[in-house]
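Asker: Pasting a structure here, questions to come.
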Amino acid sequence: MESPQPTETFVCTQLGNTCQSISPLNQCCDPMTYPLLFPRGECSWNTGMEHVEERRTAKRTRVTQLQYYAYRLSQRNGFSILHNSGKLFQQYIVDAYVKTEGSRLHFLRQNQKDLRIELYRGLLDALECRAHNENIRTGKLIILPSSFQGSPRHMQQNYQDAMAMVRKFGKPDLFLTFTCNPSWSEILNSMEGVQRPEDRPDIIVRVFNMKLKELLEDICKHGIFGTVLAYIYVIEFQKRGLPHAHILLTLDSESKIRTKDDIDKFVS
């Protein structure tokens, strides 16, 4: 398979005042960008990195970028330079995500035929007609499928799913906002040394997801608000980096909140 070629490149200065551009997929990119995190100059991920495990199958012989960075972010026994580097750790996570997403976008660009873009023939014809009328030269159309998270089709599909739930079960009855608290004991007890919660976004999101699952279990399984017919939620991040979830709940007719006494049972 052809190696992905992201649009961004890194430029390093060699002896003699000459510059050389290297791809972010180069195994030397991370140690050159983050010398404090790779003090011994260890090589990072590369396209030929193989799985090293006892039960390796023929279907999965290479390590993906996502798998590699997930391995790097895992907490292990002993001191970790990466997890104690403060904001540099956060910058490393952002770069890892950007490179991984860039590889996915490149794969979609190079495999448009496998995505059956001929199904969008009507869209292509409309764009070509508009470009012809406006005397504009058309470029190459790249279709982002709904499976790519964050794409317009992905967002539109989620919206249509939400509207289908409203058509079937009716309008939501409750709107809940569940916000992450950096002072949760699960977060504070996981800090090491002088670490602060804002230094460990990986721990924050893991604890938040566990708390969110417990909340949904209390609502849907244990019925603290009554019988839930349907629910939908979206997770967002505040400017200070903390996640929060907006939850819509649709209750059955016997559990709906209709009077002020019903409200007082849940709101103090």
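Residue numbers are given in the UniProt record's numbering: position 154 of the sequence shown equals residue 154, and the series is strictly consecutive.
A virtual CB, placed ideally from N, CA and C, is assigned to each residue, including glycine.
Only a predicted model underlies this, so the values are computations on that prediction, with no experimental measurement involved.
Run through the DSSP bridge pairs and tell me what R62 is partnered with.
Answerer: For this step, residue 62 is matched to residue 62 along the sequence shown. In the DSSP output, where bridge partners are listed per residue, R62 has E50.
Asker: In its own chain, which residues sit with a C-beta less than 6 Å from the C-beta of P145, not counting the 5 before and 5 after it?
Answerer: Here residue 145 refers to the residue found at position 145 of the sequence shown. Only L115 meet the Cβ criterion.
Asker: Which parts of the stretch 235 to 268 are runs of the beta strand (DSSP E), unbroken and 3 residues or longer, counting only runs that do not cross its ends?
Answerer: 243 to 251, all fully within the stretch 235 to 268.
Asker: Please classify residue 269: does DSSP put it in a helix, a strand, or coil?
Answerer: Limits of the chain in this structure are 1 at one end and 268 at the other, which puts residue 269 out of reach.
Asker: Where does P197 land, buried or exposed, given buried means 16+ other C-beta within 10 angstroms?
Answerer: As a first step, residue 197 is located in the sequence shown; it is residue number 197 there, counting from the start. The residue is buried, with at least 16 neighbouring Cβ atoms inside 10 Å.
Asker: With DSSP as the reference, label Q90 as helix, strand or coil.
Answerer: The count along the sequence shown starts at 1 and reaches residue 90 at position 90. DSSP places Q90 in helix when its eight states are reduced to three.
Asker: If distances are taken between C-alpha atoms only, which option among F237, K239, D218 comes closest to Y231?
Answerer: One-based indexing of the sequence shown puts residue 231 at position 231. The shortest Cα separation from Y231 among F237, K239, D218 belongs to D218.
Asker: Quick one: is A70 buried, meaning 16 or more other Cβ sit within 10 Å of its Cβ, or exposed?
Answerer: Working through the sequence shown from its first residue, we reach residue 70 at position 70. Exposed, because fewer than 16 other Cβ atoms sit within 10 Å of the Cβ of A70.
Asker: For the alpha helix (DSSP H) containing I142, list its first residue and its last residue.
Answerer: Along the sequence shown, one-based indexing puts residue 142 at 142. Counting along the chain, I142 falls outside any alpha helix (DSSP H), and DSSP gives it neither H nor E.
Asker: Going by Cα to Cα distance, which pick from P243, M32, P35 is closest to K211?
Answerer: To locate residue 211, count along the sequence shown from 1; it is residue 211. Answer by Cα proximity: P243.
Asker: Compute the distance between the beta-carbons of L248 and L229, then report whether it is under 8 Å.
Answerer: As a position in the sequence shown, residue 248 is number 248, starting the count at 1. As a position in the sequence shown, residue 229 is number 229, starting the count at 1. It is not a contact, given that the beta carbons lie outside the stated cut-off.
Asker: Can you say whether A245 is buried or exposed, counting buried as having 16 or more other CB atoms within 10 angstroms of its CB?
Answerer: Counted from its first residue, the sequence shown places residue 245 at position 245. The residue is buried, with at least 16 neighbouring Cβ atoms inside 10 Å.
Asker: On the three-state DSSP scale, how would you describe F79?
Answerer: Position 79 of the sequence shown holds residue 79. Correct three-state label for F79: coil.
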